[in-house]
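Contents: one structure, followed by commentary.
Numbering (this note's numbering), first residue to last: -13 to 282.
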């Protein structure tokens, strides 16, 4: 019976493979760290780039927080890129707000139209939108821009996270509340607004971002303004519950409903939302914050 000698060659090959894999992983990690360092180092110089601008907080959070502004009236988009974490008075000075005396703060593109479209048509508003629907590329940004151009209103659209991996981002748990608070404070205190309107405390149909937007706006308002000009969007009723109060609600004139529907048609990417919540379209109303609790 012969003796079989085991060769050390396979072991050596296996060792080389492991070393190669570890080396590749090291290179990937080093490259990632280098990219982050370069991004931080050159962050302020990005302002020379006409197409992309990110803030320090966006890079550190690993999320896209590009902030965009656009103007109504002209029919053209005017995009400003902001490198710093927060909106500033200088940013707002770039928008002509001389004849804009009302402010609307919403969570998503389409909220301004679904809950306040007729008001946008009638009066001059600055719409501050906290998210830009980034999951759908620039589609919803383009849609809200079309709406505000048609209603001749001004707007600022920020890029706080809406959804991540098909789930809504909880701004509180994710640590974004201080940032949102600072941005809302800047706009609220920029000038003396005749009217400020936002989502109601129930978030209409319970949307967590609507509730956060209401809570933050109300808190900042009470701290820095606290007059009697804060309003909330009307109370929401499900289709199955609407009949219980329908006779007590005031409907918009049909001509105004038609105008509002024309605006909603500009949101081609959101037909499902308007079908789901469309029963409230003709009951658009702003309720003074102090009266909301006892309102119908």
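Glycine residues also receive a C-beta, built at the ideal position from the N, C-alpha and C atoms.
Should residue 131 be labelled buried (16 or more other beta-carbon atoms within 10 Å of its own) or exposed? Position 145 of the chain shown, counted from the start, is the residue given in the question as residue 131. When all chains shown are included, residue 131 counts as buried.
Is DSSP giving residue 158 helix, strand or coil here? Taking the first residue of the chain shown as 1, we reach residue 158 at position 172. Here DSSP, grouped into helix, strand and coil, assigns residue 158 to helix.
Would you call the segment 162 to 179 and the segment 202 to 217 in contact, with 3 or more CB pairs under 8 Å? The answer is yes - the segment 202 to 217 touches the segment 162 to 179, with three or more Cβ pairs under 8 Å.
May I have the straight-line CA-CA distance separating residue 103 from residue 159, to the nearest angstrom? If you number the chain shown from 1, residue 103 lands on position 117. If you number the chain shown from 1, residue 159 lands on position 173. If I take the Cα positions, the gap works out to 31 Å.
Comparing alpha-carbon positions, which option in 247, 94, 173, 254 lies nearest residue 267? On the chain shown, residue 267 is found 281 positions in, with the first residue counted as 1. Cα-wise, what sits closest to residue 267 is 247.
Closer than 8 Å is the cut-off here; do at least three beta carbon pairs connect the segment 231 to 251 with the segment 268 to 276? yes
Closer than 8 Å, CB to CB, is residue 108 near chain D or not? Among the protein chains of the structure shown there is no chain D, as only one such chain exists.
In the DSSP assignment, find the beta strand (DSSP E) that holds residue 282 and state where it starts and stops. Locating residue 282 in the chain shown gives position 296, counting from the first residue. Residue 282 -> no beta strand (DSSP E), and no H or E assigned at all.
Mind the definition here: the segment 194 to 201 touches the segment 249 to 257 only if three or more C-beta pairs lie below 8 Å; say whether that holds. no
Quick one: residues in its chain with C-beta nearer than 7 Å to the C-beta of residue 232, no 5 flanking neighbours on either side, listed in chain order? Here the question's residue 232 lines up with position 246 in the chain shown. Within the same chain, residue 232 has no close Cβ partners at all.
Suppose only complete runs of 3+ residues qualify. What are the beta strand (DSSP E) ranges in the segment 203 to 227, listed by chain order? 216 to 219
Check whether the Cβ atoms of residue 116 and residue 150 sit closer than 8 Å, and answer yes or no. As a first step, residue 116 is located in the chain shown; it is residue number 130 there, counting from the start. As a first step, residue 150 is located in the chain shown; it is residue number 164 there, counting from the start. Cβ atoms of residue 116 and residue 150: not closer than 8 Å.
Compute the Euclidean distance between the alpha carbons of residue 78 and residue 96, then round it to the nearest angstrom. By 1-based counting over the chain shown, the position of residue 78 is 92. By 1-based counting over the chain shown, the position of residue 96 is 110. Roughly 22 Å separates the two Cα atoms.
Evaluate residue 74 with the Cβ neighbour count: other Cβ atoms within 10 Å of its Cβ, from every protein chain shown; 16 or more gives buried, anything less gives exposed. As a position in the chain shown, residue 74 is number 88, starting the count at 1. Label assigned to residue 74: exposed.
Should residue 53 go down as buried or exposed, given a rule of 16 or more other Cβ atoms within 10 Å for buried? By 1-based counting over the chain shown, the position of residue 53 is 67. Only weak support is given to the placement of residue 53: the predicted model assigns it a pLDDT of 49, under 50, and the question is left unresolved by the model.
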